[in-house]
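Q: If you scroll down you'll find the structure; I have some questions about it.
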Amino acid sequence: METLITLLVGVLVMVAVYLLLSRNFVRIILGTAILSHAIHLLILAMGGLKKGGAPLLTEEGSTYTDALPQALILTAIVISFAVTAFLLVLAYRIYRETGADNLDDVRRELDE
Numbered sequence: 071m072e073t074l075i076t077l078l079v080g081v082l083v084m085v086a087v088y089l090l091l092s093r094n095f096v097r098i099i100l101g102t103a104i105l106s107h108a109i110h111l112l113i114l115a116m117g118g119l120k121k122g123g124a125p126l127l128t129e130e131g132s133t134y135t136d137a138l139p140q141a142l143i144l145t146a147i148v149i150s151f152a153v154t155a156f157l158l159v160l161a162y163r164i165y166r167e168t169g170a171d172n173l174d175d176v177r178r179e180l181d182e
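Residue 71 is where the sequence shown starts when you use this note's numbering, and the numbers rise one by one after that.
Structural data, given as C-alpha cells:
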C-alpha cells in the first residue's frame, strides 16, 4: 500500500510541476494546490501505514499508531488552504488591474 501511495505522490508531483511551468495564473495556483496534496500524501506514507490502537500507552497495548504525521498533515492542510485562497484573491486582483491572466501579458502591461 505504501508503494502505491508513493507512486501516486510521484504522479501528483509531475502534474503539479507541469501546471507550475504554465503561464496562466489559475494553472499555477492549481499546481501549488496539487503539490501541497502530494506532500501531504508523502508525509502520510513516510509516517507509515500502521495498524494499531490509540496512542495511549498501557501495559497491555503493544502496538499503537503514531499521531504526529496526522497532526502535521492537518496543520499543512489548513496552511495550504489559506495560501490557495490568498493566491486566488491575488490573481483576481491582478486580472482586475491588468485585464490579463497570462504572465507575459501582465509583464507587458506593467512595462508600459
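Don't be surprised by glycine CBs; every beta carbon is placed ideally from N, CA and C.
1) Taking buried to mean at least 16 other C-beta atoms within 10 Å of its own C-beta, is V87 buried or exposed?
2) Is I99 closer than 8 Å to L180 when the C-beta atoms are compared?
3) Give the single residue among L111, I147 and Y134 whose Cα lies nearest to the Cα of K121.
4) What number of angstroms, rounded off, separates the C-alpha of I103 from the C-alpha of S150?
5) Assess contact between the stretch 169-176 and the stretch 104-112, defined as three or more Cβ pairs (one per stretch) separated by less than 8 Å. Is contact present?
6) Do the CB positions of I147 and L111 come within less than 8 Å of each other?
7) Can you tell which of V81, N94 and M84 has the C-alpha that lies nearest to the C-alpha of A161?
8) Where does V79 land, buried or exposed, given buried means 16+ other C-beta within 10 angstroms?
9) Using the Cβ count rule (16 or more neighbours within 10 Å means buried), how would you classify L91?
10) Looking at the unbroken alpha helix (DSSP H) that takes in A170, where does it start and where does it end?
11) Measure how close the beta-carbons of A108 and V83 come, nearest whole angstrom, since I'm counting them as under 8 Å.
A: According to the data block:
1) Burial call: exposed.
2) The Cβ atoms of L180 and I99 lie no closer than 8 Å to each other.
3) Closest option to K121, Cα to Cα, is Y134.
4) Looking at the sequence shown, residue 103 is not Ile but Ala. A103 and S150 have their C-alpha atoms some 7 Å from each other.
5) Output reads no: the stretch 104-112 does not touch the stretch 169-176.
6) Not closer than 8 Å, so no.
7) Sorting V81, N94 and M84 by C-alpha distance to the C-alpha of A161 places N94 at the top.
8) Using a 10 angstroms sphere on the CB of V79, the tally of other CB atoms reaches 16 or more, which defines it as buried.
9) The residue in question, L91, is exposed, as its Cβ has fewer than 16 Cβ neighbours within 10 Å.
10) Membership of A170 in any alpha helix (DSSP H) is not indicated, and neither H nor E is assigned to it by DSSP.
11) Contact check for A108 and V83: beta-carbon distance about 5 Å, within the 8 Å limit, so the pair qualifies.
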